[in-house]
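Below is one structure, written out as structure tokens; the observations come after it.
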Amino acid sequence: MRQIPRSVKDLRPAGILHVPFRGAELLESPLLNKDTGFDEGERDVFGLRGLLPPRTSSIEEQVSLELEHIRRKGDDLERYIGLAALQDRNETLFYRVVLENLEEFMPIVYTPTVGRACQTFSHIMRRPRGLWITPADIDRIPDLLRNARPDSTGAGSAVEEVRLIVATDNERILGLGDQGAGGMGIPVGKLALYTAGAGIYPSHTLPVSLDVGTDNEDLLADPFYIGYRRPRLRGAEYDDFIEAFVSATLDVCPRAVLQWEDFKQHNAIRILDRYRHRITSFNDDIQGTGAVVLAGILAAVRALGRPLAEQRFVFLGAGAAGIGIARTVRAAMSAQGADGPTIKRAIVTADTKGLVFAARDQLDDDKREFALGPDELAFYGMGSLNPGDRRDLDAVVAAVKPTILIGTSGVPGAFTESAIREMAAHTERPVVFPLSNPTAKTEAVPADIMAWTGGRALIATGSPFEPVTVNGESRIIGQANNVFIFPGMGLGAIVAEAREITDEMFLLTAGTLAEMVSPERLAAGALYPAVSELRDVSRQIAAKVVCQSRDCGVGRLYRDEEVFDAVDSAIWFPAYLPYRPPA
Ligand code: NAD
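Number 1226 in my numbering belongs to position 80 of the sequence shown; there are no gaps in the numbering.
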């Protein structure tokens, strides 16, 4: 049977790797291939003579060549395709290139470019990755999981080693809606970030597409569409399918942490709540977003010098992300001692139909928990609202006078100039987070927000933006990127062997991240660390998760002094190890 390295930890003692493959098979195993990096001895021993040009290159030289090649391409989607091809050929080199150039390549491997990749997936996919499950498979999902080739190691079934699954039903891909089977780009890209950002070993990861069909007419009409060409499964059949997937995962991959990804609002919240105590799982769009945005808010609160409990929030967009952030903010305010009525008042939401209030016509159940009641409406001078009345953002801002405005509407330009000017009129330093992705969907661009607030705003965005010059000074725009949270959360949960991922863990990660913003960056307006600090951030977050898992009785009982060793030994660094044949 083929032996594949399980993690760097397994490799460290001897510093060498016993590899059972030879010749072309070795070159075609992405996790073991070194291309021209095989030395003379390895070329003899592994039957590689003649299969490689004579020159032996170091990984540093290979990185330079790959960079030259990728940077020469004129378009980000081409760069995405180039990087995907590298990942399929030589994963160690792929991760080295990405890790050493995170700021440059994260927007390619993940949002915003991955969004374009998902939209054109049927046309650009070369080598399928991960596991594709459709309703036709409902009775054989365990078999499919056993067939899984964890992250293209070429290892055949090593499914018991899967420690991290990212699964999507493709219905709400970034801000781009239903992308059908093309949504697979997201779990693939996300797991690449888990590896780049926290060093989770590639063969421990498994991307899963729960392809329940699509209601995207363009995809259904595309003759090359690679997915399950049916309307989306809904209702009890959909629930049965998700249940079958969870049961199969518990059965076949009992050590796996499951991350739900890019489900549409209603299913996202329902599925998270239904399964979080049964399988070690979390929803990044809800909880990861909640934590990363809370971290930015806590960093802003540091800059403002006024406690969280004194802030007032307006959320534009009450979907999975908006509700997730609001729930996290509520929990953080409560943890800081704010009382119930204060919290209830301080969190105001609005959606397509305007202000969310309890007596409103057409109110989804998901939105009820943050709907304003009669007391809050009266407090804000809106006591006379009738069920059919609408209050748009301008009116809500004028009445509520928020100190913090959060956008998760997916609607470009939704933060109007008038609303931002109104906010700035009564707040010294308006905190404005236009979080919708990709870039084209942002509620307002940072340069405009700065202009409308006289340069006083503290801004964080969902997509990356260039710094803005204000009165001759460069202001850094921090990116509320979930990547600051989920790799560390996943790593921590794996190391802790956590049975459950709790809300307290997310609160702790937010606090940790906020503390990691250096005073210099904060002074320059940045509410998040630099992306280049990601591995350090993930390590700190993982350690917090390990301690919290232990303390709340859901994880392994590490002693304090063991925690960082355990985390560090699970972090893989992409470098070539010397190979020897099996002992
Ligand atoms: P969703 O579809 O679940 O929710 C969207 C919400 O916006 C719904 O409540 C809808 O009613 C509301 N909405 C739509 N049009 C509106 C309008 N004109 N005015 C007010 N509200 C409107 O989607 P989601 O998962 O909540 O994601 C929303 C956006 O947030 C996406 O663009 C996504 O990229 C972004 N997001 C950003 C981050 C981040 O920055 N870290 C994380 C997650 C999601």
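Ideal Cβ placement from N, Cα and C applies to all residues, glycine included.
Kindly indicate which three-state DSSP category residue i falls into: helix, strand or coil?
i     : result
L1551 : strand
Q1457 : coil
T1435 : helix
F1428 : strand
R1148 : Caution is warranted here: a pLDDT of 35 is assigned to R1148, below 50, making its placement in the model unreliable, and the coordinate value is therefore given only provisionally. In the structure shown, R1148 sits in coil (DSSP, three-state: anything other than H, G, I, E or B).
D1497 : strand
T1615 : strand
A1721 : coil
Q1482 : coil
A1524 : helix
S1620 : strand
A1606 : strand
Q1405 : strand
F1516 : coil
L1277 : strand
L1310 : strand
H1412 : helix
R1702 : coil
Q1686 : helix
R1726 : strand
C1625 : Checking the displayed sequence, the identity of residue 1625 turns out to be Gln instead of Cys. Strand at Q1625.
Quick check on the burial criterion: 16 or more other C-beta atoms within 10 angstroms. Buried or exposed for residue i?
i     : result
V1255 : buried
I1227 : buried
P1720 : buried
L1501 : buried
G1671 : buried
R1536 : exposed
P1151 : With a pLDDT of only 42 at P1151, under 50, the local geometry of the prediction cannot be trusted, and no value is derived from it.
P1727 : exposed
R1702 : exposed
P1724 : exposed
D1297 : Low confidence applies here, because D1297 scores a pLDDT of 42, under 50, leaving its location unreliable and the question unanswered by this model.
G1638 : buried
Excluding sequence positions up to five away, which residues of its chain have a Cβ less than 7 Å from the Cβ of residue i?
i     : result
T1599 : I1566, A1570, P1576
R1491 : E1522, F1525
L1366 : T1360, R1375
G1436 : G1470, I1471, R1473, T1474, F1652
P1453 : V1447, Q1482
F1240 : L1229, L1232, Q1233
R1476 : I1489, I1493
I1332 : V1260, C1264, T1314, I1319, E1407, D1408
L1450 : R1575
Can you list, in chain order, the residues of its chain with a C-beta nearer than 8 Å to that of residue i? Leave out the 5 residues immediately preceding and following it.
i     : result
F1710 : R1685, A1689
H1269 : F1370
E1186 : T1202
F1561 : L1462, L1539, L1551, G1553, V1578, P1580, E1589, A1590, I1595
L1356 : I1279, A1313, T1314, D1315, N1316, F1387, I1388, F1391
Closer than 6 Å by C-beta to residue i: which residues in its own chain qualify, once you throw out the five before and the five after it? Chain order, please.
i     : result
G1300 : Bear in mind that the predicted position of G1300 carries a pLDDT of just 38, short of 50, making it unreliable; the figure below should be weighed with that in mind. Around G1300: S1175.
S1664 : none
T1257 : L1320, N1583, P1584
S1427 : L1404, Y1421
I1605 : V1578, P1592, I1595, I1623
I1687 : G1634, T1655, T1658
Hey, out of the options, whose CA is closest to residue i's CA?
i     : options                    : result
Q1233 : G1624, G1345, V1334        : V1334
P1533 : A1505, G1463, V1243        : A1505
V1607 : A1586, L1654, G1618        : Here the sequence assigns Thr to residue 1607, which means Val is not the residue at that position. Among A1586, L1654, G1618, the Cα nearest to that of T1607 is on A1586.
E1363 : V1354, A1603, Y1374, S1355 : Y1374
D1512 : P1258, L1454, R1448, I1432 : I1432
L1379 : I1279, L1418, G1618, G1463 : I1279
E1515 : G1556, A1496, T1615, P1724 : A1496
P1548 : P1200, G1556, E1574, S1355 : E1574
A1342 : R1645, E1679, S1695, G1193 : E1679
G1442 : F1267, Y1674, L1352        : Y1674
Please confirm if residue i has its CB atom under 8 Å from at least one CB of chain D.
i     : result
R1292 : The structure shown contains no chain D; it is built from a single protein chain.
Legend entry - Length at least 3, wholly inside the segment 1241 to 1272: the beta strand (DSSP E) runs in chain order: none
Inset, instruction - Run through the segment 1558 to 1599 for me and flag every whole alpha helix (DSSP H) of 4 or more residues, listed as ranges in chain order. - result: 1563 to 1572, 1592 to 1598
Inset, instruction - At 4 residues or longer, and completely inside the segment 1312 to 1349: list those alpha helix (DSSP H) runs for me, N to C. - result: 1331 to 1344
Legend entry - Length-filtered (3 minimum) beta strand (DSSP E) runs lying within the segment 1346 to 1387: 1351 to 1356
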